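Numbering (UniProt numbering), first residue to last: 1 to 285. The beta-carbon is built from N, C-alpha and C at its ideal position, and this holds for glycine as well. Here the structure is a predicted model, which means the values were calculated and not measured. This report concerns only the one structure given below.
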């Protein structure tokens, strides 16, 4: 054993991390001591869970209430043909076990709601939003922002994806700074009706996992205050600034949302007094 309690097997497994000056044995030990919650074990959650486990993030929470369907397998790469009909949290946990026995998986077989979200995120160092609906995205944003829990957001649609990180610093914006409310119901179709390129969530999810690992290592520049838009059709990445809004209902100095129970998390995720209708963003995974 080393001074940092890495076993010979771990020194071998994580050797490509350990030889990096920006990680080293100290950084790898930090990863093994870290706790990350992944909300959604679908298209985005699959590469996120896969790479967090491989990187040695010691505890991975997985929150999902769905079962694996055959149509998922085109993009949800941690599930296989034999998993069809199985709960995604069980399939994902079994997959992690095959990758890395160092990892503890905490299974949360539930749909995230105002009644459980505060307890769900409690105790995690970082949250990754891989949800496939606007209600959950806004709920995760509001809960994490109010609790000062840093989190990553990602979403995909057809050939397009978007990614950002909300680090929770004094100057950090939140999701509602960019999109105060969700678009009207039915305006943005989901992937079940519009489709999604199977490899797209791999790119977006890997960026989200990268942001989580960088945060846990305290290295590099996060996408805090920036959103990356990825156009897979034309292979273009564009970055736009996200400014913290003085009138944001969640993260401003005078918020109108003090609790997730202040919001009706339905189609619009709106409250009285929020800003004008936002631009449409990428949707489901």
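Just how far apart, CA to CA, sit residue i and residue j?
i	j	result
residue 131	residue 98	24 Å
residue 82	residue 221	40 Å
residue 143	residue 205	21 Å
residue 80	residue 89	13 Å
residue 228	residue 210	13 Å
residue 116	residue 266	16 Å
residue 288	residue 75	Residue 288 lies beyond the residue range present for the chain, which begins at 1 and ends at 285; the question has no answer from this structure.
residue 12	residue 246	49 Å
residue 224	residue 51	21 Å
residue 165	residue 48	14 Å
residue 85	residue 69	6 Å
residue 262	residue 45	28 Å
residue 174	residue 18	34 Å
residue 94	residue 78	9 Å
residue 240	residue 41	28 Å
residue 20	residue 26	11 Å
residue 92	residue 67	11 Å
Using DSSP with H/G/I as helix, E/B as strand and the rest coil, what is residue i?
i	result
residue 70	helix
residue 356	Since the first and last residues shown for the chain are 1 and 285, residue 356 lies out of range.
residue 45	helix
residue 62	strand
residue 7	coil
residue 36	strand
residue 287	For residue 287 there is no data in the structure shown, the boundaries of the chain being 1 and 285.
residue 243	coil
residue 108	strand
Are the CB atoms of residue i and residue j nearer to each other than 8 Å?
i	j	result
residue 140	residue 151	yes
residue 208	residue 257	no
residue 149	residue 121	yes
residue 123	residue 230	no
residue 242	residue 128	no
residue 102	residue 28	no
residue 58	residue 31	yes
residue 112	residue 147	no
residue 159	residue 232	yes
residue 109	residue 87	yes
residue 219	residue 22	yes
Closest to residue i by CA distance: which of the options is it?
i	options	result
residue 156	11, 64, 43 and 33	43
residue 215	238, 36 and 245	36
residue 169	251, 104 and 136	251
residue 259	114, 17, 41 and 91	114
residue 54	67, 104, 154 and 64	104
residue 33	56, 167, 8 and 16	56
residue 136	203, 23 and 182	182
residue 172	219, 248 and 22	248
residue 145	14, 92 and 255	255
residue 226	177, 235 and 16	177
residue 217	154, 72 and 24	24
residue 154	16, 118 and 202	202
residue 196	6, 16 and 71	71
My parser needs the alpha helix (DSSP H) runs of 4 or more residues fully inside the segment 127-210; what are they? As far as the segment 127-210 is concerned, its whole alpha helix (DSSP H) runs of at least 4 residues are 134-147, 175-178 and 191-194.
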